[in-house]
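Under the working numbering, the first residue of the sequence shown carries the number 587, and numbering increases by one thereafter.
Backbone N, C-alpha and C fix where the C-beta goes; we use that ideal spot for every residue, glycine too.
Scroll down for the structure; my scribbles are underneath it.
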Amino acid sequence: MDSAFAIRRATLEDLPVIIAHRRGMFEAMGHHDESKLSAMEAKFEIWLKEKMTNDDYMGWVIVNEKHEVVASVGLWLREWIVNPNDLSGLQGHVMNVYTHPDYRRRGFSRTLMNALIDWCNEQGLNTVLLHPTNDSISLYQSMGFEPDNLMIKRLPV
587 MDSAFAIRRA
597 TLEDLPVIIA
607 HRRGMFEAMG
617 HHDESKLSAM
627 EAKFEIWLKE
637 KMTNDDYMGW
647 VIVNEKHEVV
657 ASVGLWLREW
667 IVNPNDLSGL
677 QGHVMNVYTH
687 PDYRRRGFSR
697 TLMNALIDWC
707 NEQGLNTVLL
717 HPTNDSISLY
727 QSMGFEPDNL
737 MIKRLPV
């Protein structure tokens, strides 16, 4: 990574930028309903503050020479039922992988993911999962992520 940039752990002071990055991520995926995006931001702020305060959400950010956050990634630590392949009782759910458009194609997502995976290894987490976009699948496959047999049904609200 270029020496003009640094990686660090996210703090509660980074909440506004993490929330903005989550919105930017959804906008990049084609979500443009302002009322839904605003509602998501409000609810996510409450959720994120609680999870970060309780150490159930870990984040990493890359900052430029002005100390502005230009890329971020988050890890939600979820309690999970143990199984023969994973006795830890926790899963790491990667989320909020985002790089500001002006800083893309510099390897920041890979750098952040490597930091996240290193942390998971240090903590003894066996399972790390994510929901890739079509644009990000090749990155995650190159890092050893594999498709799984998860299915989902969305119920009307």
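Boundaries of the beta strand (DSSP E) in which HIS679 is found, first to last residue
Sequence index remark: in the sequence shown, residue 679 carries index 93 (1-based). Per DSSP, HIS679 belongs to the beta strand (DSSP E) from 676-685.
Three or more C-beta pairs under 8 Å: does that hold for the segment 619-629 against the segment 644-664?
As far as the Cβ criterion goes, the segment 619-629 does not touch the segment 644-664, which means the pair count is below three.
Tell me, please, whether the segment 666-680 touches the segment 705-722 by the rule of three or more beta-carbon pairs shorter than 8 Å.
Short answer: they touch.
Would you call the segment 609-617 and the segment 631-638 in contact, with 3 or more CB pairs under 8 Å?
Contact between the segment 609-617 and the segment 631-638 is absent, because fewer than three Cβ pairs lie under 8 Å.
Go to TYR689, then tell me how far its alpha helix (DSSP H) extends in each direction, as first and last residue.
On the sequence shown, position 103 is the one that residue 689 refers to. First-last for TYR689: undefined, no H or E at that position.
What are the partner residues of ALA592, as DSSP defines its beta bridges?
Reading the sequence shown from its first residue, position 6 is the one you call residue 592. Looking at the DSSP assignment, ALA592 forms a beta bridge with VAL649.
Identify which residue in HIS717, ILE738, LEU698 and ILE632 has its Cα closest to the Cα of VAL655.
Translated into positions along the sequence shown, residue 655 becomes position 69. Nearest option by C-alpha distance: LEU698.
For the beta strand (DSSP E) that contains LEU623, what are its first and last residues?
Counting from one through the sequence shown, the residue named residue 623 turns up at place 37. Counting along the chain, LEU623 sits inside no beta strand (DSSP E); it lies in the alpha helix (DSSP H) bounded by residues 620-639.
Looking at the secondary structure, which residues open and close the alpha helix (DSSP H) in which LEU673 lies?
Position 87 of the sequence shown holds residue 673. For LEU673, no alpha helix (DSSP H) segment is defined, and its DSSP state is neither H nor E.
Rounded C-alpha distance that separates ASN650 from PHE591
Indexing the sequence shown from 1 puts residue 650 at position 64. Indexing the sequence shown from 1 puts residue 591 at position 5. Rounded to whole angstroms, the gap between the alpha carbons of ASN650 and PHE591 is 5 Å.
Provide the residue(s) that pair with GLY660 in DSSP beta bridges, ordered along the chain.
Translated into the one-based positions of the sequence shown, residue 660 becomes position 74. The partner list for GLY660 (beta bridge, DSSP) reads GLY645 and MET681.
N- and C-terminal bounds of the alpha helix (DSSP H) containing PRO602
Counting from 1 along the sequence shown, the entry for residue 602 is found at position 16. Run containing PRO602: 601-614, per the alpha helix (DSSP H) assignment.
Rounded to whole angstroms, what's the CA-CA distance from GLN700 to THR597? Just pull it up for me.
If you number the sequence shown from 1, residue 700 lands on position 114. If you number the sequence shown from 1, residue 597 lands on position 11. The displayed chain sequence assigns Asn, not Gln, to residue 700. Rounded to the nearest angstrom, the two C-alpha atoms are 19 Å apart.
Counting along the chain, where does the alpha helix (DSSP H) carrying TRP705 start and finish?
To locate residue 705, count along the sequence shown from 1; it is residue 119. Run containing TRP705: 694-709, per the alpha helix (DSSP H) assignment.
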